[in-house]
Structure formats: C-alpha cells, structure tokens
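See structure below.
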Amino acid sequence: MVGSGIFLSSSHEGRGSLPYCPLHRYLPPPWRETNLGHRKSASPDLRKMFRPGRENHQTEPREVSASNAVKLSNKLKATLKKKYQSPPGGETEHPFYIHCDLQYPPGESGEVNQHEYIQIKPTFRKTHQWRCSPLSLYFDSELDDERVRIALTKGVSGIGKTSQVRMIILNWAEGKVNQECPLIFPLPFRELNLLKERLSLIELLYKFFPELKEPGISNLENFRVGFILDGLDEFRRPLDFKNSPIVTDLTEPSSVPALLTNLINGNLLPFAAHIWITSRPEAVHHIPLQYINEVTEIEGFTDSQKEEFFRRAIIHTDQANAIIHHLKYSKSFYVLCQIPIICSISASVLVRQTWLSGKEYDPGALTPMYTDLLALLQTRDQNTQKMAIKLGELAFKQLVKGNTVFYEEDLRECNINCDEGSEFAKVSIPIFREDIGLQQKKIYYFGHTTIQDFFAAMWFNRSCNSLDENLRNAVDMALQSKNGKLDLFLRFLLSISQSFIQSIAEAGYNSSETLTETVEYIKKKVMENPASPRTLNLLNCLTELGDSSLEIDGVSFLKTGIPPDAKYPRAHWSDLAAVLVASESGPIAMLGLEVKKRGDKELLRMLPVIKASQTATLSYHKLTEKSCECLASALTSKVSNLKTLDLSFNTLMDSGVQLLVAGLAKPHCQLEGLKLSGCRVKQDGFAALAKALKSNPSHLLELDLSGNEPGESGVFYLVDGLKVVNCKLQILKLSNCKLGLELSRALAVLLIDNPRHLRELDVSMNDLGDRGVELLMDILKSTQIYKLELYCCQLTEKCCENMFRCLVNIPSLRELNLSNNNLKDEGVKMLCNAFGLPACQLEKLK
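For what it's worth, my numbering labels the leading residue of the sequence shown as 299, then goes sequentially.
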C-alpha cells in the first residue's frame, strides 16, 4: 500500500510526503532504498534518457539528441512548475497534503453498474498491500523486460486522483524524482475535449506546450516518454479500439480519439511511451483490459486519516474533537468521509453552523448539509438563489448526458453568462469551480459529483407541476439510466420532496396520498425485478421515505422460507433476500440462514445470500456432496463475508468434505468456524481436512466434527493438521466419534506440540475410560483450557483423584461437564474438596 492524496486548503501547512506514481515503477535497487522526497536535484544521466535497444536506430548523433532532450526537458519543467504550483479550482491558499491508500485489486469485473456513491461503504481493506518507494516509476534500463507500459488508477469522484497527478508532475518538474525520464506530458481529458480538429501527436503536444516548438519535439521514439491521461470519465468522445484508423507516424494527422487509441494500443511509440491513466470506476471499461498492465485503486481516507484531516483543517482543538466525536456517531456521514473532498465540505459547514448556532450541529444527511452550505453562500451573495436555479438546470441536463465537466457552450445553453459563472465560482469554491484550460478556455465543474446530483434534484423538483408524477418519472429515469448515474439524484429528489411535503402539511394541506403512492410505486418496481442492480438504491429510497416494510418482508422470507406476498414468485423473494444480505449496511448482515428442509437446488439459488452472510446455518438442509463445490467457491470468493458455516446433519460424506475443504485450503478463505457434526465423515474426509488446515491454518478458530466416524487413523490425520505452528484453533468438538483411548493419545500429541490456543474441548460420548482421561489431564495442565466436556465417557471414581489435581493445577478451567459417568459419592466428594482451595477457579461443574 502506497500513498495517494488530496489537496486541502490551509495556510499553515506545507506539502507533506510525496505521493505514489505508477510511472517508472521499476528503478534500480539503490533507488528503492532512497527517500526520494528529500533527494536533491541532480543532472540526469544522459544514457538513461534513451530507451534501451535504440542506439543503432538513431537518425542523428546521440550527443545532439541528448542535448535536445535536456533543452526540451528544462522548458517542459519550467512550464509545468509554473502551472502546477498554483492550487487548483480557484483556491487561493497553498494546499497541504494527506495520503490516501492506493490498493492493488486482484482483478477487474467489467462494467460498473451502480452509482459510485452506493459503493462507498466501510472499508475492511483485505487487498494485498504493495510496498515500494513512494515514487517508484516504471522505467529502468536494467529491468526493461519487466516494464509496465500502461497503468490505470481508479477511484470515485473526489478521492484524490487529480491531486495525486498534480503532486507527481510538480515533484518531477522541481527535479526531485524520476530524472531518468526527460519528458512527462500531462494531457487531462477535460482539456482534450476542447480539441475538435485533426492533429498529429506532435501537433497535439504543441497545443498543450507551445513553448516546446523551439527547440522542437523530434525523435520521441528514442527517449523515455511519460504520458499522464487524467480523468478518463470526463472524456466526451468514444474511444473505438476496434475501428479507429491505424496511426504509427508521429506527424500523421488524425482525430484526438484516434490518436489516443493508437497511443494506448501501442501503434504510436510502442517502446518509448509509458502511460498512466486515471478514471472513476464507471469509465474503466472504455479501455480493454488487454492493454492495461497494472490496475490500482485509491480507496480514500482510513478512520485515522479522517481524524488527522479534521485536526489539521480545524485550528481549534476542542472544536475539532467535538466534530470528530459527532461524526463517529453519524454512521452515513462517517463512511462518506472516506472521500477527502467530502471531509473538506463537511468541515466547512460543521464549523460555520456550530459557530452560528452556538451548539453542536447535526445535519443528519447530505441533503440538509448541502442546503445549509447553499444558505451560507446566500449570506455572502444575494444573487446565489437565482444562480442556483440556473446551475440546477445545468446540473440536470449534463447529468443525464453523463457529463461532470462543462464548457462555455454548456453554460450558454442554460442562459448562464460565462462571466456570471466565473463570478459565482469565485465566491462558492466548495460548490462550483472554474479552471483555465487549453488555450485559456474556461472549464467549469461542481465541487463534487454529489453536489451536481443535489442541484439537479433541486431544479427537477422545482420544474414540475405534479409532485406525484414528478417522482414516478424520476424513478423510471433512474431505472433506465446506465451505470446508475441517476441513483443518487433520485435519493436527493426524494429527500427534497419529503421536506416539501412536510412543509405543505404544516400549512394544512393533505399530502399523505402522494407519499403513499410513491412508496407503493417504488415497492412494485423492486419486486418486478429484485435482481436488478438498481434494487439496492430503490431500497435506500424507501428508507428516505421512512418505509422499511419491504426489508422486513425480505427478512421474514429468510427466516421462514415462506413468501410474504404470494403475488410475487418465490424466486423474486430469494433475489430480494440476497440483495438485503449483500448490503453491508443492511439489517440482516449478521443473520444466519436457519430455513430448514432445503436441498441442493435451493442452496444454489441462495448462494449469493450465503456469500454475503457472516453466519450461514445450513444444518438439516438435506444437502449432499453436490452442494459442496459451490460452498467451496463461496469460501474462496474475494467478496465473501462468510465467517461461520454450519453444515451439521447433512449427508456430505467423505466425497463432499473433500470438495468443501478445497476452498478451506485457499489463502483467500477467511472462515473462522466450521461445523460438520453428523455428516457421515470418515477417515478420508478427516485426512482431506487435515491437509487443508496445513495449507491455511491461521484463520479457523472453531471446528465441530462430532458424530462422525474417523477411526484411529482419521483422528491422527486431523491432529497432524492441527498441530502446525500457525494453527490457532480455540474450540474443538469431537463428541460421539466412537473413539476410545486412541482419541486421548491423539489429543495428547496435539497439545504437546500446540498447547497455547485451545480453550474449549468436547470429547463427550467417547469411550475414553479412566486411563484415557488420566492421559488427557496430564497434558491439559500445560494448556489454557477454559471448558472441558467429558459427558458419558465411561469414567469411574478412580479418575477423580487425578481430576482433583487438575482442578488445582489448571487455573484457567472454568467449566467441567462430567455428567452421565459412574463417579459415585466417593468420586464426587473428592472433586468437591477442590472447591475450597484458592488455586481452583472452577465456576461450573456438571
């Protein structure tokens, strides 16, 4: 895990640590040990400027090419330093910098079909942590065969992608890092939108960097050249990798999309170019994965980074502490503060409103917070309300088109004068911003995409006459929208409409019918297609409207297996239940699946629910080995939440267990509890389980194998798997396994080799006899055993003397079950003598 980050307005902090950049990831070993952030600028090694293997293809002397590269590099650095030293988006103060986490996800799953806001949830960070030097970039002449040509960094809006890019460019321009690369060209997609004419790649670079016309760009193929393409989601033209004309000549004119596709697929500068692309998740699929060598993801602030942010952004310590304390108790806000820009907006509003009201301010949700933010701006500028209406129209029209950056023609379409937009941007930086782009053309955007959704909803609510029809139309629009781009707009609209309904109700008008009709309409749409990607958002919409009846029905179906409403088929209720459990914020994330009398076929239908559950209780479900392969896939799924799996009293047998434990052996499996009581498992099944435990021993904490028949060989196989050093098993149940003294011997071997972790042992209903218990007790003295079950173990009073010594010598033992043994009065009296001794800590004796 390496750093990414976000700019934050502050006048009392300098830039912090350097962020990670995917460019030049592979550097020689000495660089990997160096703190690049404090490395003094040095003259670059001219040999390293050249791409390896090109010496014999030079069209001009190497010294001339190198000299030209140095001139180009110096001019480019001067230009970029001047541009990127100024804070972005109209901010007037120099930013400070906080790292976000940059993750290397295991793979891509294709198109995103939910609004990115819906995907923001508490982060458990299971992803592998990648540790390397903060600014290790791609190029290295010694490791050219391993080079990464194209990397893509994804992250939701406001997470810090562009801020990271700015820091990377500025640090390179200041000579702090990556001087082996003479040329790095940042080409933001929002500025590429401004180029309509046909250009060659060289001409395109001159458009962005006219200063480079003298000495001139030539022989780029001979050098290491970096391209940073920031904001793929902001590009308004399609990238057609199948039908774009082939361009291989740097001087051949073509359209901008064609130049980009040929640069990415390697027709242009196939060996010299190294490309870093940033994007929101919804646009990642625009580039075929076959061209991407490495994918990273910025996941936003951790909880500790949220606190760090507020302490650095809010000068007064007491006020910062109060706001942090408040946010922790506001779950939805605290989760959303993973996004740095939301932290910034929240801090501004919370501080201001707390100061105005003189007490703790609780907006409760984004809608009232943005409403209050707009109200604060109105106190500064009387034209804010009029401008907000115009911006609402702009926000809605561009939201429908999928645009998040706007140009002068977009503003004019909504009767917004560009000077008007510029003036408003100056006084409302958190809401609306202006940048100067290519050829001094103005680019506008909202402070965050959720603000655009809010303004769009505000305008849409105002523009329609019938509230009921308005809400129905909005629901239909959201259902038809691609990638969930209108999901959050709909939730804002319902929240705003709710406030409107309350206001007219307070004025004495009846508004309950409209609200009821909207609720019923949304519930109908959910049940028509509960497997739709839109379902979760519609359930959240029902929550906005104060109705949780559909969620309650879904929970009821999970508990009973009976559809609450026969109007909809059973399959639809199963799909709804899966959505509810899959939602980490849902009300049944901890629910075990206790529905009885289901077979293999029904289990397949409920597999998504099982993956999303933390506890799956599938005992007495009439399952066979046919279900085990699917359950193994659930154990190894990277999105699985499953911690406890109870398959007791199903006819799995050895063949089923062998399939199941194939999943348990995988390193991705995080299962902590496995119950296989009464599953007709014998020697081969125990051997397979032991092999899996050796492969992945560290997660399993509870294992119940009661009621099976492993035989002497099987139990020794199991012990062989449990005695590995990393095994941390705390609860082991082997009752009624038709074992005798051999069980005690096997457990003695286990506890000698691994005595530290076991807390609960159940060997009831096995014929241990006095000799077996004596052997076991001698070993238990060196453990931390808490609970011991010896019910019906063929014990007599002869074992009680040894048991007495154990009660005194095992201070950790709190519960002991000796029921249904032939101890007689003499044996019980001997045990009772231990209770008066300080060393005996036993609390429960049966």
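We treat Cβ as the ideally placed atom computed from N, Cα and C, and that holds for glycine.
Residue from 1029, 1034, 926, 964 with nearest C-alpha to residue 994 | 964
Compare the beta carbon distance of residue 502 and residue 735 with 8 Å and say whether it is the shorter of the two.
-> no
If you check the beta carbons only, do residue 941 and residue 912 fall under 8 Å apart?
-> yes
Per the contact definition of three or more C-beta pairs closer than 8 Å, is the stretch 1079–1091 in contact with the stretch 1056–1066?
-> yes
Since residue 268 and residue 932 are thought to touch, with beta carbons under 8 Å apart, how far apart are those beta carbons, to the nearest angstrom?
-> Residue 268 lies beyond the residue range present for the chain, which begins at 299 and ends at 1144; the question has no answer from this structure.
Of all the options 539, 598, 572, which has the alpha carbon lying nearest to the alpha carbon of residue 584?
-> 539
Delimiting residues of the alpha helix (DSSP H) encompassing residue 1102 = 1098–1107
Own chain residues within Cβ distance below 6 Å of residue 1005, not counting five before or after = 975, 976, 1034
Three-way DSSP call (helix, strand, coil) for residue 858 in this model = helix
Classify residue 1124 as helix, strand or coil using the three-state DSSP reduction.
-> helix
Have a look at residue 951 and residue 926 and give me their C-alpha separation to the nearest angstrom.
-> 10 Å
Minimum C-alpha distance to residue 532 - residue among 744, 604, 607 = 744
Leaving aside the five residues before and after residue 1131 along the sequence, list all residues of the same chain whose C-beta is less than 8 Å from its C-beta, in chain order.
-> 1102
Three-state class that DSSP yields for residue 475 in the structure shown | coil
I think residue 741 touches residue 705, with their Cβ atoms under 8 Å apart; what is that distance to the nearest whole Å?
-> 6 Å
Ordered along the chain, which non-local residues of its own chain (more than five positions away) have a Cβ less than 8 Å from that of residue 1072?
-> 1097, 1100
Looking at C-alpha atoms only, which residue of 785, 367, 546, 843 is the closest neighbour of residue 700?
-> 785
Exposure of residue 873, with buried meaning 16 or more beta-carbon neighbours within 10 Å = buried
Chain-order list of residues whose beta-carbon lies under 7 Å from that of residue 1135 (same chain, five-residue window excluded) = 1106
With 16 as the cutoff for other CB atoms within 10 Å, does residue 376 come out buried or exposed?
-> exposed
For residue 697 versus residue 599, is the C-beta spacing smaller than 8 Å?
-> no
Assigned secondary structure, residue 666 (DSSP; H/G/I helix, E/B strand, else coil) = helix
Would you check if there are 3 or more beta carbon pairs closer than 8 Å linking the stretch 509–516 to the stretch 560–580?
-> no
Exposed or buried, which one is residue 850 when buried takes at least 16 other CB atoms within 10 Å?
-> exposed
Residue range of the beta strand (DSSP E) that includes residue 1002 | 1000–1002
Residues near residue 292 by beta carbon distance below 6 Å, same chain, minus five either side = Outside the modelled stretch of the chain, which goes from 299 to 1144, sits residue 292, for which no answer is possible.
Curious, which full-length alpha helix (DSSP H) runs of at least 4 residues does the stretch 495–562 contain?
-> 499–506
What's the gap between the Cα of residue 640 and the Cα of residue 603?
-> 13 Å
Coarse secondary structure for residue 748, derived from DSSP in three states = helix
Can you tell me which of 381, 461, 556 puts its alpha carbon nearest to the alpha carbon of residue 494?
-> 556
Start and end residues, beta strand (DSSP E) containing residue 771 | That residue, residue 771, is in no beta strand (DSSP E); its alpha helix (DSSP H) goes 765–778.
Residue 694 - containing alpha helix (DSSP H), residue span | 682–699
Test item: CB-CB of residue 522 and residue 478 under 8 Å | yes
May I have the straight-line CA-CA distance separating residue 1023 from residue 991, to the nearest angstrom?
-> 11 Å
In this structure, does DSSP put residue 941 in helix, strand or coil?
-> coil
Cβ atoms of residue 371 and residue 480: under 8 Å apart, would you say?
-> yes
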